[in-house]
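The structure appears right after this line, and notes come after that.
Protein chains: 2
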Amino acid sequence: MAGGGAAASALSSPWRALIQRALDANAHLRHSTYFQLATVGAGGRPANRTVVFRGFQEHCDKIQINTDARSNKIVEIRNCPSGEVCFTELAHLYQYSWEQFRISGSIDVIDSSSADPTKLQHRENAWFTSSVKSRLQYLGPQPGIPVLDDEHTKDVHLDPSAGPVDAFCLLVLDPEKVRHTFFSPSLCWCCLTAIRLLNFWSSAMFTVDYLNLKSNQRLIFTRSLNGEGSNDWMAKTVCP
Amino acid sequence: MAGGGAAASALSSPWRALIQRALDANAHLRHSTYFQLATVGAGGRPANRTVVFRGFQEHCDKIQINTDARSNKIVEIRNCPSGEVCFTELAHLYQYSWEQFRISGSIDVIDSSSADPTKLQHRENAWFTSSVKSRLQYLGPQPGIPVLDDEHTKDVHLDPSAGPVDAFCLLVLDPEKVRHTFFSPSLCWCCLTAIRLLNFWSSAMFTVDYLNLKSNQRLIFTRSLNGEGSNDWMAKTVCP
């Protein structure tokens with residue numbers, strides 16, 4: 037679900053296949069779908085927390101995150117609707133190597149008060165895609181308030197066919213800038229040749245030299261802001 | 037080095053032993069010392085990136101990060117000297133469980149222009165504690181500028197006994213608020229008893245109930261701001 041592997045082939049964003057490959061390679065690791073979401077919090081100070089990647093929205097590159105509508109981050113995001121997520125994935129093929137994806141963009145908060153039927157449908161889809169166990173957390177007390185007794189350990193029941201509860205909120209980050217960094221130690225020529233062959237088979241769509249593993253590499257993808265839903269991405273290789 | 041295990045026993049901050057235990061448990065994983073640093077970037081927008089935890093500063097709980105003085109984050113931090121780091125550590129004893137530490141505070145930028153001899157000494161210590169390979173990256177071109185040719189792959193030489201180069205910068209985050217969240221699925225009573233015994237032996241210093249693993253748990257530690265170098269921390273258990 038989170039990786040959205042099947043949908044990846046139909047994508048046009050040049051960075052999407054890079055992240056898809058990293059996610060697929062780490063699919064056996066539960067934490068591969070965790071990433072960190074930075075927002076601007078109270079007093080203009082940065083806030084950062086780990087969230088779960090809930091996949092890309094259908095037919096686009098928007099990133100979905102489920103959260104509690106009562107959490108602090110909702111107030112923060114309504115006040116400053118920008119975010120940057122940071123994926124850090126191990127590059128298993130290459131020992132001691134890892135990839136980082138920094139994706140910044142605007143964040144849309146979709147809760148039960150949304151007036152847009154399409155957005156409400158996305159929220160409902162996200163609810164039903166979650167496990168029943170995940171849904172149960174939205175029936176607990178408000179996040180961040182002091183625990184006065186054992187009320188948060190009380191058993192709660194949820195009808196699996198019931199729609200999203202009020203506390204369930206879908207965050208949708210619309211990427212505007214994607215920064216990809218590949219950190220790798222120097223590799224021997226045997227490894228380099230093997231990796232080149234592998235990449236040649238799998239990523240003909242990239243014009244950038246993704247194979248320069250003798251040093252670290254960093255790519256910046258920026259979306260042209262020439263219209264709603266624009267998907268024109270410009271890639272630039274920069275010093276790491 | 038990064039874990040600072042030996043020093044941990046002399047600490048008074050109640051959160052420090054929690055993070056130390058998580059780091060020690062994950063010491064065999066190279067990425068256990070990676071964490072994400074959020075700052076406020078250009079236009080007041082959040083910025084987020086993975087950095088390497090370089091340990092706590094001697095005799096205190098300040099968190100050290102090495103970085104390139106020419107990177108964007110230096111400008112950002114000078115403009116808004118606040119940051120929040122997010123450690124995410126797997127809780128290996130408990131399957132599918134993980135711990136999150138969110139540590140926010142002010143950030144001090146220590147580069148070659150610092151007028152404080154003590155800070156310059158900390159910077160020099162950080163330089164020599166890094167591997168020679170790590171130091172080499174500060175001899176490369178400015179991070180983030182376009183790669184025009186293969187100049188960034190050129191071989192560079194560094195005298196291992198030479199002090200820090202101008203591009204080497206030490207960031208020091210002084211924690212003001214620490215939020216700890218332990219995410220765990222429901223455990224059977226056998227596991228719970230084993231964990232309770234283990235925790236009883238290892239963490240008598242905590243007054244909080246760290247053992248309530250039947251649900252997720254979240255702690256907030258806040259430092260009293262009643263003086264320079266204050267180390268009075270207040271712990272509060274809140275709903276996750």
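Same order as they appear, the protein sequences are chains A and E. Taking the working numbering, the leading residue of the first sequence gets 37, the next gets one more, and so forth. Taking the working numbering, the leading residue of the second sequence gets 37, the next gets one more, and so forth. Just so it is clear, CB atoms sit at the ideal spot from N, CA and C, and this is done for glycine as well. Just so you know, these numbers come straight off a predicted model, no measurement behind them.
Own chain, CB closer than 6 angstroms to residue i, minus 5 neighbours either side, in chain order
i: Gln178 of chain A; result: Arg106
i: Phe123 of chain E; result: Phe71 and Phe137
i: Val87 of chain E; result: Leu73 and Ile101
i: Ala58 of chain A; result: Glu125 and Glu135
i: Ser148 of chain E; result: Asp202
i: Asp210 of chain A; result: Lys98, Gly141 and Ser142
i: Ser238 of chain E; result: Here the model assigns Ser238 of chain E a pLDDT of 43, short of 50, so the residue's position is not dependable, and the following value carries that caveat. Here the set comprises nothing.
i: Ser251 of chain A; result: Bear in mind that a pLDDT of 49 at Ser251 of chain A, under 50, signals an unreliable position, so the number given afterwards is only what the model happens to contain. Excluding positions up to five away in sequence, the list is empty.
Cβ pair residue i, residue j closer than 8 angstroms
i: Gly80 of chain E; j: Cys116 of chain A; result: yes
i: Glu94 of chain A; j: Gly141 of chain A; result: no
i: Gln56 of chain E; j: Leu206 of chain E; result: no
i: Pro82 of chain E; j: Ser118 of chain A; result: yes
i: Ile146 of chain A; j: Val121 of chain A; result: no
i: Phe204 of chain A; j: Tyr174 of chain A; result: yes
Residue i versus residue j - alpha carbon distance
i: Asp337 of chain A; j: Asp202 of chain A; result: In the structure as shown, chain A starts at 37 and stops at 276, and residue 337 of chain A therefore has no counterpart that could be examined.
i: Ile256 of chain E; j: His216 of chain E; result: 6 angstroms
i: Lys272 of chain E; j: Ser68 of chain E; result: 26 angstroms
i: Ser150 of chain E; j: Glu112 of chain E; result: 18 angstroms
i: Ala198 of chain E; j: Lys109 of chain A; result: 46 angstroms
i: Val168 of chain E; j: Met270 of chain A; result: 35 angstroms
i: Thr75 of chain A; j: Asn84 of chain A; result: 6 angstroms
i: Val244 of chain E; j: Leu54 of chain A; result: In this prediction, Val244 of chain E has a pLDDT of 31, which is less than 50 and means its spatial position is unreliable; what the coordinates show is noted afterwards. Roughly 43 angstroms separates the two Cα atoms.
i: Lys155 of chain E; j: Ser166 of chain E; result: 17 angstroms
i: Ala78 of chain A; j: His158 of chain A; result: 29 angstroms
i: Ile181 of chain A; j: Ser170 of chain A; result: 20 angstroms
i: Val214 of chain E; j: Phe164 of chain E; result: 29 angstroms
Bridge partners - residue i, DSSP secondary structure assignment
i: Thr192 of chain E; result: The question names Thr, but residue 192 of chain E in the sequence shown is Val. Its beta-bridge partners do not exist; DSSP assigns none.
i: His216 of chain A; result: A:Phe137 and A:Leu255
i: Cys122 of chain E; result: E:Gln72 and E:Arg138
i: Asn84 of chain A; result: A:Ala74
i: Leu209 of chain A; result: A:Ile99 and A:Ile143
i: Trp269 of chain E; result: E:Arg259
i: Pro153 of chain E; result: For Pro153 of chain E, which the question treats as bridged, DSSP gives no partner whatsoever.
i: Asp308 of chain E; result: Residue numbering for chain E in the displayed model covers 37 to 276; residue 308 of chain E lies beyond these limits and cannot be assessed.
i: Phe92 of chain E; result: E:Ile99
i: Val274 of chain E; result: A:Pro182 and E:Arg254
Rounded distance between the beta-carbons of residue j and residue i, thought under 8 angstroms
i: Asp144 of chain A; j: Val208 of chain A; result: 4 angstroms
i: Ala162 of chain E; j: Arg90 of chain E; result: 6 angstroms
Beta-carbon proximity list for residue i, same chain, < 7 angstroms, skipping 5 on both sides
i: Leu20 of chain A; result: Nothing about residue 20 of chain A can be read from this structure; chain A reaches only from 37 to 276.
i: Ala172 of chain E; result: Per the sequence shown, the amino acid found at residue 172 of chain E is Leu instead of Ala. Closer than 7 angstroms at the Cβ level, and outside the excluded window around Leu172 of chain E, lie Val192 and Leu194.
i: Asp104 of chain A; result: Tyr174, Pro179, Ala203 and Cys205
i: Glu160 of chain A; result: Gly199 and Pro200
i: Leu65 of chain A; result: none
i: Met37 of chain E; result: Any answer about Met37 of chain E is weak, because its pLDDT of 41 lies below 50 and its placement is not dependable; what the coordinates show is given next. If we look at Met37 of chain E and ignore the five residues flanking it on each side, its Cβ neighbours are Gly91 and Thr165.
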